[in-house]
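Student:
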Amino acid sequence: MANKIRLDIVTPDRMVYSEDVNMVIARATDGDLGILPGHAPLIAGLEIWPLRIMNDEGEQQLSLCGGFIEVRPQKITVLASCAELPEEIDVKRAEAARERAESRLKASSDIDVHRAEVALKRAMMRLRVAEKK
Numbered sequence: 136m137a138n139k140i141r142l143d144i145v146t147p148d149r150m151v152y153s154e155d156v157n158m159v160i161a162r163a164t165d166g167d168l169g170i171l172p173g174h175a176p177l178i179a180g181l182e183i184w185p186l187r188i189m190n191d192e193g194e195q196q197l198s199l200c201g202g203f204i205e206v207r208p209q210k211i212t213v214l215a216s217c218a219e220l221p222e223e224i225d226v227k228r229a230e231a232a233r234e235r236a237e238s239r240l241k242a243s244s245d246i247d248v249h250r251a252e253v254a255l256k257r258a259m260m261r262l263r264v265a266e267k268k
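Numbering (our numbering), first residue to last: 136 to 268.
1) What did DSSP end up calling His249 once you bin it into helix, strand or coil?
2) In three-state DSSP terms, what is Ala175?
3) From Leu199 to Ser238, what does the alpha carbon distance come to, in whole angstroms?
4) Near Ala258, which residues of its chain fall below 7 Å by C-beta distance, leaving aside the five closest residues on each side in sequence?
5) Roughly how many whole angstroms lie between the Cα atoms of Glu222 and Ala175?
6) Using the Cβ count rule (16 or more neighbours within 10 Å means buried), how would you classify Ile183?
7) Please report how far the alpha carbon of Ile144 lies from the alpha carbon of Leu214, in whole angstroms.
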């Protein structure tokens, strides 16, 4: 167990993931973090970006819509507004969301540009994770 660290990923709706893993790579607001067992404690904000999980079977990615990460020497907790495993991603819905966001950004200056950019980033990240499954 010494070479493992517990990873819990929680959204407002559910516990998305709870397993012992070898390593986690996350995109924090100030750069990428590689987290191994025994890592120094930290708390950081997370970007909209795939969370990479390494375990004995290889690497798995999970779509993460931002949030926060708390790291302790033997446990990582991710609190996210949304998170999905690759097999849970509805690719058609993600493609439609990407197309909507792209068309909103091209269409008019009357839109909330930041909101459309965030929607586009989330859709692109979901598609990226879905294609890795």
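From the three backbone atoms N, C-alpha and C, an ideal C-beta is built for every residue, glycine too.
Tutor: In brief:
1) helix
2) coil
3) 24 Å
4) Ala229, Ala232, Arg233, Ala236
5) 32 Å
6) buried
7) 6 Å
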